[in-house]
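Since the structure comes first, as structure tokens, the remarks are kept for the end.
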Amino acid sequence: MLYRKFGKTNEEVSILGFGCMRFHVIDNDISKINEEEAIKQLRYSIDNGVNYIDTAYIYHGGMSEPLVGKALKDGYREKVKLATKLPTWLIKSREDMDKYLNEQLEKLQTDHIDFYLLHALNKGYWEKFKKYNVFDFLDKALADGRIKYAGFSFHDDLSLFKEIVDSYSWSFCQIQYNFMDENYQAGKEGLKYAAAKDLGVVIMEPLRGGSLARNIPEDVKKIWDKAEVKRSPAEWGFRFLWNHPEVSVVLSGMNEISHIDENIKAAEVSYPNSLTEKEIALIDEVKQIYKSRIKINCTGCKYCMPCPFGVDIPSNFELLNDASIYGDIKASKNKYNVSLKANEKASNCKECGKCEKACPQHLQIRKVLKEVVNTFEK
Ligand code: SF4
Ligand code: SF4
423 MLYRKFGKTN
433 EEVSILGFGC
443 MRFHVIDNDI
453 SKINEEEAIK
463 QLRYSIDNGV
473 NYIDTAYIYH
483 GGMSEPLVGK
493 ALKDGYREKV
503 KLATKLPTWL
513 IKSREDMDKY
523 LNEQLEKLQT
533 DHIDFYLLHA
543 LNKGYWEKFK
553 KYNVFDFLDK
563 ALADGRIKYA
573 GFSFHDDLSL
583 FKEIVDSYSW
593 SFCQIQYNFM
603 DENYQAGKEG
613 LKYAAAKDLG
623 VVIMEPLRGG
633 SLARNIPEDV
643 KKIWDKAEVK
653 RSPAEWGFRF
663 LWNHPEVSVV
673 LSGMNEISHI
683 DENIKAAEVS
693 YPNSLTEKEI
703 ALIDEVKQIY
713 KSRIKINCTG
723 CKYCMPCPFG
733 VDIPSNFELL
743 NDASIYGDIK
753 ASKNKYNVSL
763 KANEKASNCK
773 ECGKCEKACP
783 QHLQIRKVLK
793 EVVNTFEK
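Below, the structure is given as structure tokens:
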């Protein structure tokens, strides 16, 4: 296992982190984790050098933290850096922040969290946190030792990312990044920005929810097959990330010993800047093939927003594109149902045409929204 210095802290973190949100469950119930198996997998990973364990209040319907607490008994707590996240959307006052942190310490059976994150920051949540004086909360939790380092995870655009990075003395941040998302959300520029300010950077969605590792299209397979050193698509995804010196740790939601072994093996040799120019070009070729499957050329600029009826136009288009790029309609349909409220869905379009007048790409928004409905709602 390779380790990297974690930003301005003096901690050394394993470049592979264990994300505790995808354990196998019983009876298809997300909150009923197969405990015996999950504990075995976590401890096996730790025994093989993983020292960054990432959970959150919300994972597995609130049951991930108690599971991690159990897994870290018998001396395992001392071997790892434990990361968890404040449930941003549940916070309704300054007091709530202390309430949830104290509950998390109990569920995790520990007296401190090493890496504590504000979960899933976006513009709305950030405004709310500022209103409730989140800086006072973090200052006090750091001072009394309940948390060792403060950070945040992020899902919004680059300008907000930079604003948040510059708003507090964070030790680290967590962003979505993979070879398809170099210009999405914080993206490559955000990664470099945070690292230049000496923040440790944790990467989530290294394989875009698994899309870059499963159902690989034939034309993509052919490109990977051209490589001199043969690697699985998943390993290429990880190697791309670890090749960046700015990346500290890459999270993987692991639930099979064979995947854990594969990831650990890759993490033993993935030094920064270790890919050859040819290999980087190969990844770029794969990326271009995926990008060529894009259905609608929406840039996500949001000039069309707000829709007077609440339709979240760019999110609908992003899901339609994902379904086409990765060929996994089921996964995108599931995301469509979970992540969009009823009024935000394409089927709520009243065809008023306001959005089309504002779109700099001159997209036929109404027509494509109908395609979204046909793809995800029929
Ligand atoms: S055409 Fe549809 S999506 Fe566009 S603004 Fe009108 S209701 Fe909203
Ligand atoms: S204005 Fe056009 S390109 Fe921009 S987000 Fe809306 S649909 Fe996409």
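For the sequence shown, the numbering used here gives the first residue as 423, with consecutive numbering after it. Beta carbons: idealized from backbone N, C-alpha and C, even for Gly.
Measuring alpha carbon to alpha carbon, tell me which of GLU434, TYR693, ARG516 and ILE747 ends up nearest SER714. ILE747
Taking the Cβ atom as the reference point for each residue, do PHE440 and SER467 lie within a distance shorter than 7 Å? yes
Around the Cβ of SER515, are there at least 16 other Cβ atoms within 10 angstroms (buried) or fewer (exposed)? exposed
Delimiting residues of the alpha helix (DSSP H) encompassing ALA780: 776-780
Is the distance from the Cβ of PRO509 to the Cβ of ILE480 below 7 Å? yes
Separation of THR477 from GLY491, as counted between CA atoms: 10 Å
What alpha helix (DSSP H) runs, 4 residues minimum, are completely inside the segment 624-704? 640-647, 655-664 and 679-689
If contacts are defined as beta-carbon pairs under 8 Å, then ILE686 and ASN470 qualify, I think. What distance do you get, rounded to the angstrom? 5 Å
Using DSSP bridges, identify the partner residues of ARG444. Paired residue(s): none; ARG444 is not in a bridge.
ILE597 lies in the alpha helix (DSSP H); which residues open and close that run? Counting along the chain, ILE597 falls outside any alpha helix (DSSP H), though it belongs to the beta strand (DSSP E) covering 594-598.
Which stretch, first to last residue, makes up the beta strand (DSSP E) that contains PHE574? 569-576
Are three or more beta carbon pairs between the segment 645-664 and the segment 620-635 nearer than 8 Å? yes
Given a cut-off of 7 Å on the beta-carbon distance, is the pair GLY573 and TRP548 in contact? no
Can LEU742 be considered in contact with ligand 2, in the sense that its beta carbon sits closer than 6 Å to one or more heavy atoms? no
If the criterion is Cβ atoms closer than 7 Å, does the pair ASN719 and GLN783 meet it? yes
Quick check on the burial criterion: 16 or more other C-beta atoms within 10 angstroms. Buried or exposed for ASN738? buried
Which value, in whole angstroms, describes the spacing of the CA atoms of LEU530 and LYS550? 26 Å
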